[in-house]
Amino acid sequence: VEHNDSTGAGGIIEEGGVQWMTSGSGILHKEYHEKNFSKKGGEMQMVQLWVNLPAKDKMTPPKYQNINKKEITNVELKNDAGILEIIAGSFKESTGPASTFTPLSLFNVNLNKGKGTSFSFAPNHNTGLLVIKGSVTINNTEKAPSNHFVLFHNNGNEFTVRADEES
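Converting from the sequence shown to our numbering requires adding 104 to each position, the first position being numbered 1.
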């Protein structure tokens with residue numbers, strides 16, 4: 105996907121990359137298939153997440169971050185469970201590259217079949233899980249198949265996710 109905006113920022117978001125844009129006081133932007141993809145075609149999958157800025161930051165100057173896959177922090181999960189990519193926020197002692205105004209954690213987690221991990225977030229943080237591929241079991245009870253979004257209740261701070269297949 106190629107991006108251009110009214111601040112003069114832009115670039116190509118390659119496979120596994122992240123576009124992190126802060127609209128702030130205002131920005132016009134467009135996203136479109138970049139030239140090589142338009143010629144060759146193929147499968148494309150992307151996710152957009154919109155985060156509201158805190159009131160005190162709404163008029164901040166707009167900002168664009170093109171984060172390449174190689175810049176994303178990778179953490180190997182215990183017991184050969186898989187790889188966790190930190191886009192924003194922290195996991196254990198590692199931090200992701202995205203600069204944010206709102207305290208948040210955004211991860212891409214690749215779990216091996218039959219393996220799992222646990223996560224812990226502040227009880228006052230909203231927590232969601234989007235299953236893009238495979239299927240998972242949450243807290244050993246709830247199943248979440250591919251293309252499903254799970255919104256957690258704000259009544260605890262730890263949960264487990266286990267992959268029923270590569271996820």
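For every residue, glycine included, the Cβ atom is placed at its ideal position computed from N, Cα and C. Owing to the predicted nature of the structure, the values given are computational and were not obtained by experimental measurement.
(message) Which residue wins for smallest C-alpha separation from THR111, given the options VAL122, HIS133, MET148?
(response) Per the Cα distances, HIS133.
(message) I'd like the span of the alpha helix (DSSP H) that includes PHE205, first residue to last.
(response) From DSSP, PHE205 is part of no alpha helix (DSSP H); its letter is neither H nor E.
(message) Does VAL213 pass the burial test, meaning 16 or more other C-beta atoms within 10 Å, or should it be called exposed?
(response) Buried, since its Cβ has 16 or more Cβ neighbours within 10 Å.
(request) Count the CB pairs spanning the stretch 198-206 and the stretch 223-231 that are closer than 8 Å, and state whether there are at least three. (result) With the cut-off at 8 Å, the stretch 198-206 and the stretch 223-231 do not touch.
(request) Would you kindly work out how many angstroms separate the C-alpha atoms of ILE131 and ASN183, rounded to a whole number? (result) So the two alpha carbons sit approximately 44 Å from each other.
(message) Please list the terminal residues of the continuous beta strand (DSSP E) segment that includes ASN212.
(response) ASN212 -> beta strand (DSSP E) spans 210-215.
(request) Could you tell me whether the stretch 135-147 touches the stretch 169-177, using the rule of 3 or more Cβ pairs below 8 Å? (result) The stretch 135-147 vs the stretch 169-177: no contact.
(request) Could you round the C-beta distance between GLY121 and ILE190 to whole angstroms and report it? I think they count as a contact, below 8 Å. (result) Actually they do not touch by this definition, with Cβ atoms about 14 Å apart.
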